Amino acid sequence: MGKLMIRKNSAAYKILKYLAIGSGVLVLGAIAPVGTAHLVRNALRDYFRKKKFERGRMRRDMKGLHRRGFVDYREKEDGAIEIRLTT
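Put into structure tokens, the structure is as follows:
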């Protein structure tokens with residue numbers, strides 16, 4: 001079976017990296033929920049203040065990752081997007 005390669009500075013690489021970091025934060029949150037919640041909230045607030053979120057580009061990149069089999073995602077009725085890492 002061939003190895004799937006992703007360029008290190010590509011959008012797909014960044015999305016997968018952030019999903020992996022987010023998974024680690026969730027595990028940490030299960031161990032120490034109060035402290036982790038404050039850290040995550042502050043980090044996300046600071047990040048989105050500095051960055052302009054490009055919704056269309058994010059959706060395009062997610063579709064590309066989905067086609068390649070790295071993630072499974074679906075948009076819920078309330079507009080939220082559920083993302084799952086695949087193996």
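Here the numbering used here is used: position 32 in the sequence shown is 32, and no number is missing along the way. Even glycine gets a Cβ: it sits at the ideal position worked out from N, Cα and C. All figures in this text were calculated on a predicted structure; none of them were measured in a lab.
{"Query": "Output the boundary residues of the beta strand (DSSP E) element that contains R7.", "Result": "No beta strand (DSSP E) contains R7, which DSSP labels as neither H nor E."}
{"Query": "Restricting to Cα atoms, I'd like to know which of M62, V25, S10 is closest to I83.", "Result": "M62"}
{"Query": "The alpha helix (DSSP H) spanning D61 covers which residue range?", "Result": "55–68"}
{"Query": "Drop a sphere of 10 angstroms on the beta-carbon of L65, count the other beta-carbons inside from all chains shown, and report buried for 16 or more, exposed for fewer.", "Result": "buried"}
{"Query": "Between A37 and G29, how many whole angstroms is the CB-CB distance? I'm expecting something under 8 Å.", "Result": "7 Å"}
{"Query": "In three-state DSSP terms, what is D46?", "Result": "helix"}
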